[in-house]
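Going by my numbering, the first residue of the sequence shown is number 1, and it counts up by one from there. Notes follow once the structure below has been shown.
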Amino acid sequence: MSIISNAQKEQQEKAVTQYDVVIVGAGPYGLSIAAHLLDKGLNVAIFGKPLELWREHMPRGMNLRSHWWATNLSDPKQHYTFKRFLKLKGYSQEHPTPIEHFIEYATWFQQNVVPNVDETYVASIERNNGLYTVNLEDGRVVRTPSVVMAIGVYYFANKPTEYDVLPPELVSHSFEYANFERFKGKHILIVGAGQSGVENAALAYEEGVEVSLLARRPILWLAPDRTDERTLKQKIQAPNAGIAPGWANWALEAFPYLFYRLSQPAKDKYLRTHYNAAASDWLFDRTKDKVHIYEQRTVTQLEPKDGGCDVTLSDGENLHVDHIMLATGYVVNVKKMTMLAPALLEQLRADNGIPQLNPWFETNMPGLYFVGLSSIRGFGPLYRFVVGAKAAAPRVASAIARRAERLK
């Protein structure tokens with residue numbers, strides 16, 4: 001005689017829906033992959049709030065560093081392009097492009113190409129008998145042979161350990177903000193010399209915040225963009241590319257799977273020596289003589305005091321600030337992905353927290369794929385940007401379609 005617990009009975013009674021593939025995340029990569037899978041006639045479920053990262057975790061007034069023509073989502077017929085959207089709306093093809101225009105474009109893409117996004121969050125993902133069980137936060141259960149993790153940077157905010165001494169009300173990551181209203185009239189210290197740190201400093205200042213910006217090295221200012229003014233000779237010497245002008249960047253985009261074939265030491269060296277944190281030139285005048293900039297300095301001591309924090313810098317200077325904002329980037333670590341069941345994480349092959357992927361963005365767990373930031377160590381810097389979606393989407397969709405056909 002078998003004994004079935006109430007929990008087991010409840011699980012058995014839950015309706016289980018079957019899909020060919022589940023996509024977790026409805027950002028540029030998730031939507032692009034869904035577009036290609038739907039075009040192949042597969043039964044696709046995509047979960048997440050469309051463009052949530054862009055809507056709720058990037059500050060209003062921000063501009064895209066990439067050109068509009070390098071920020072297309074991907075559909076198989078290339079019908080829903082940024083260029084077509086700008087023309088339909090009567091917007092200028094300007095650089096830099098306001099983030100609001102990109103969000104509006106991506107929403108237009110989603111509504112026309114992937115209209116059935118389910119905004120329910122995924123609670124957990126397990127693997128049993130060759131299938132993945134996806135448990136949703138509303139209690140529904142979905143089963144599928146293939147899962148695409150297109151979650152962007154959500155789990156990976158990098159918070160240097162030296163700031164662990166501070167309570168949460170005194171330190172946060174830039175990921176947490178779509179505006180800086182809560183800091184109006186206060187003094188904040190932003191840590192980080194990349195685009196995020198410098199642009200957040202400019203935007204916060206423009207919202208009435210006193211801002212200090214701390215950088216452990218001199219800020220690397222990008223040269224003014226001259227894409228539309230470049231001569232034929234200049235374009236031959238350094239052709240236009242989605243990441244930035246140059247033959248190496250052009251090759252990464254023209255041959256988007258070639259980087260994967262390099263040895264891992266060669267890939268690591270390339271990533272380490274290229275694409276250092278930098279800030280767009282159009283932020284220079286918005287920060288000079290407005291933001292207190294401390295370059296080539298670090299924090300040596302932090303002490304909560306009088307509702308704020310006393311900060312001692314490496315040159316001995318002392319600051320008192322109301323809050324510290326870390327614009328310190330993102331570090332992939334699959335162990336932080338709490339939605340993946342412990343048993344699945346234990347079996348998932350990773351190196352320094354980064355999933356190891358085959359040439360089709362697939363992990364050692366058959367049918368489990370990672371795209372975007374979590375794929376750049378294997379596939380290269382192209383996939384740090386939206387421009388990489390046009391290469392990742394057809395590649396992943398083809399692999400999943402073949403897998404679905406084999407499993408029939």
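Don't be surprised by glycine CBs; every beta carbon is placed ideally from N, CA and C.
Contact holds between the stretch 325 to 333 and the stretch 155 to 163, because three or more Cβ pairs, one in each stretch, are under 8 Å apart.
Shortest Cα-Cα distance from H57 to any of E405, E176, G139 and G378 involves E176.
By the Cβ test, the stretch 176 to 187 is in contact with the stretch 51 to 67, since at least three Cβ pairs between them sit closer than 8 Å. In this structure, the straight-line span from the alpha carbon of Y369 to that of M149 is close to 6 Å. Contact fails between the stretch 233 to 248 and the stretch 306 to 324, because fewer than three Cβ pairs, one in each stretch, are under 8 Å apart. Taking one beta carbon from each stretch, the stretch 222 to 233 and the stretch 247 to 257 have fewer than 3 pairs nearer than 8 Å; the two do not touch. The alpha-carbon separation between F102 and G30 amounts to approximately 16 Å.
Inter-segment contact for the stretch 163 to 171 and the stretch 301 to 309 is present: three or more beta-carbon pairs are separated by less than 8 Å.
In the three-state reduction of the DSSP assignment, S92 falls in the coil class. Around the beta carbon of Q296, fewer than 16 other beta carbons lie within 10 angstroms, which makes this residue exposed. For D285, the uninterrupted alpha helix (DSSP H) run begins and ends at F284 to T287, by DSSP. The stretch 107 to 124 makes contact with the stretch 39 to 57, as at least three CB pairs between them are under 8 Å.
Comparing alpha-carbon positions, the option among P218, A341, G194 and P28 lying closest to V122 turns out to be A341. Under the three-state reduction of DSSP, W221 is assigned to strand. DSSP places I190 in the strand class (E or B) of the three-state scheme. Assignment of D306 by DSSP, reduced to helix, strand and coil, places it in the coil class. Distance from the CA atom of Y383 to the CA atom of V24, rounded to whole angstroms, is 17 Å. Secondary structure of R230 (DSSP, three-state): coil. In this model, L136 and Q356 are separated by some 26 Å (Cα to Cα). Within its own chain, the residues whose Cβ lies closer than 6 Å to the Cβ of A193, once the five positions on either side in sequence are excluded, are A215, I219 and A277, listed in chain order.
Taking a C-beta distance under 7 Å as the contact criterion, A34 and V142 do not qualify as a contact pair.
Its chain contains Y330 and L373 as the residues whose beta carbon lies nearer than 6 Å to that of V153, once the 5 sequence neighbours on both sides are disregarded; these appear in chain order. With a threshold of 16 other beta carbon atoms within 10 Å, R261 falls short and is exposed.
Annotation: the stretch 104 to 148 contains the following complete segments of the beta strand (DSSP E) (minimum length 3 residues), in chain order: 122 to 128, 131 to 136 and 141 to 144. With a cut-off of 8 Å on Cβ pairs, the stretch 358 to 369 is not in contact with the stretch 201 to 209, counting fewer than three such pairs. Put simply, of H320, S74, N63 and H292 the residue whose alpha carbon is nearest the alpha carbon of I99 is N63.
Between the C-alpha atoms of P96 and T363 there is a straight-line separation of about 36 Å. Non-local C-beta neighbours of K184 in its own chain, meaning closer than 7 Å and more than five positions away in sequence, comprise E207, G208 and V209, ordered along the chain. Rounded to the nearest angstrom, the gap between the Cα atoms of F85 and K408 is 39 Å.
Excluding five sequence positions before and after K40, the CB atoms of its chain that fall closer than 7 Å to its own CB belong to A397 and A401, given in chain order. Distance from the Cα of D281 is smallest, within the candidate group F109, F385, L53 and Q195, for Q195. For T273, there is no enclosing beta strand (DSSP E); the enclosing alpha helix (DSSP H) has its first and last residue at Q264 to T273. Around the CB of D315, fewer than 16 other CB atoms lie within 10 Å, so the residue is classed as exposed.
Spatial neighbours of R403 in its own chain (CB-CB distance under 7 Å, excluding positions within 5 residues in sequence) are listed in chain order as P145, S146 and G367. Contact check for A70 against V198 fails: the beta carbons are separated by 7 Å or more.
For F259, the closest C-alpha among the options G380, L88 and G130 is that of G380.
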